[in-house]
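Residues in the sequence shown are numbered from 129 upward in steps of one, following the working numbering.
Each remark here refers to the structure printed beneath this line.
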Amino acid sequence: MSKIVKPYKTDKGKKEQVKQMFNKIAKRYDLLNHTLSLGMDFVWRRKAIKKITNNPKKILDIATGTADFAISAAKYTDANITGIDISDRMINIGEKKINKKNLKNRIKLSIADSENLPFNKSSFDAITAGFGVRNFENLEKGLNEIFRVIKKDGFVVILEPSTPKIFPLKQIFRFYFNTILPKIGTLLSDDRSAYTYLPNSVKNFPNGKEFIKILDNIGFRKTSYFPLTFGIVSLYVAIK
Ligand SMILES: C[S@@+](CC[C@H](N)C(=O)[O-])C[C@H]1O[C@@H](n2cnc3c(N)ncnc32)[C@H](O)[C@@H]1O
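Printed below as a string of structure tokens:
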């Protein structure tokens, strides 16, 4: 079990705090996300979707936030997409983007908890989760729910930040992640905790083989991972 890292120093549970944090930064989330990733987040999501090779008709986007992964899935597949998230403000922004892009007939968003999904077993052909699973209060519970609602032979693709392993990228990235990123994050979002939570939660999250082992234990097969952009993000692929 990984250590539980929470955004704020209060007694509230992680889920409540994570929801509070994303509600607080929702308006600035897209700007921050695209700035801090130097626009690479779109490339990472596209790479992840390209790994789904079973021609899905129904995709679930877990922790959809402002719906960027759901929107990419609509662009690169023919599927109908359901996006769920615990933060109503993130979802509201997602809805506006979907309306603007005329994707209302392809993407439906709703408020739901990934650790208690309101869907029957074997409901989806593929599941995407971008920068979300690290925020679960109970990682195994959330992954078990993903396993339950995906069909046999369905694809799961998960993106999570990770830390590069090789010199000098490891050192450069550590400096950027621990020093520069919290400063830009605080400046743009007004929530310092959110951008110290980010490096702390990444540091304490199972990375690479460690995360693969968890997916294997849940029951997924053909699990694999791909370091992207010098390993600052990892793409995990699993099949039920
Ligand atoms: C970093 S954002 C990622 C948003 C989007 N997937 C992307 O690629 O940009 C993480 C999202 O996870 C959501 N989240 C965290 N825990 C969750 C849970 N248990 N159930 C549903 N959503 C959750 C947060 O509310 C937040 O919107």
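C-beta atoms are modelled at their ideal positions from N, C-alpha and C, and glycine is treated no differently.
Item                                                                                                                                                      : Value
Among the residues of its own chain, which have a CB less than 6 Å from the CB of L356, if the five just before and after it don't count?                 : W172 and L363
If we count Cβ pairs, one from each stretch, closer than 8 Å, do we get three or more for the region 247 to 257 versus the region 272 to 289?             : yes
In three-state terms, what does DSSP make of G222?                                                                                                        : helix
From the DSSP secondary-structure annotation, give me the bridge partner or partners of G211.                                                             : D189 and L237
Ordered along the chain, which non-local residues of its own chain (more than five positions away) have a Cβ less than 6 Å from that of L245?             : E273 and V277
So what's S69 in DSSP terms, helix, strand or just coil?                                                                                                  : The chain is shown only over 129 to 368; residue 69 falls outside these bounds and no answer can be derived.
Taking S352 as part of the beta strand (DSSP E), name the residues at either end of that continuous run.                                                  : R349 to L356
Give the secondary structure of K228 by DSSP, where H, G and I count as helix, E and B as strand, and everything else as coil.                            : helix
Between the beta-carbon of A198 and the beta-carbon of I209, is there less than 8 Å?                                                                      : yes
Which residues share a DSSP beta bridge with V284?                                                                                                        : I255 and A366
Given the structure, does T357 come close to ligand 2, in the sense that its CB is under 7 Å from one of the ligand's heavy atoms?                        : For ligand 2, the structure offers nothing, since it holds only ligand 1.
My guess is that A202 and R174 are in contact by the Cβ rule of under 8 Å, so how many angstroms apart are they, rounded?                                 : Contact doesn't hold; Cβ gap of about 12 Å is too wide.
Hey, I340 and T163 are a contact pair by Cβ (cut 8 Å); roughly how many whole angstroms apart?                                                            : About 30 Å; that fails the 8 Å criterion.
Note down the Cα distance separating K381 from T314, rounded to an integer number of angstroms.                                                           : Here the chain covers residues 129 to 368 and nothing more, so residue 381 does not appear.
Determine the DSSP secondary structure at K179, reduced to helix, strand or coil.                                                                         : coil
Quick check: does the Cβ of D344 come within less than 7 Å of any heavy atom belonging to ligand 1?                                                       : no
Hey, P292 and F358 are a contact pair by Cβ (cut 8 Å); roughly how many whole angstroms apart?                                                            : 5 Å
Where does the unbroken alpha helix (DSSP H) through F371 begin, and where does it stop?                                                                  : This structure leaves residue 371 out entirely; the chain is present only between 129 and 368.
R302 to T324, Cα distance in whole Å?                                                                                                                     : 13 Å
Using C-beta distances below 8 Å, list every residue in its chain close to A322, excluding the 5 sequence neighbours before and after it, in chain order. : P135, M149, K152, I153 and G313
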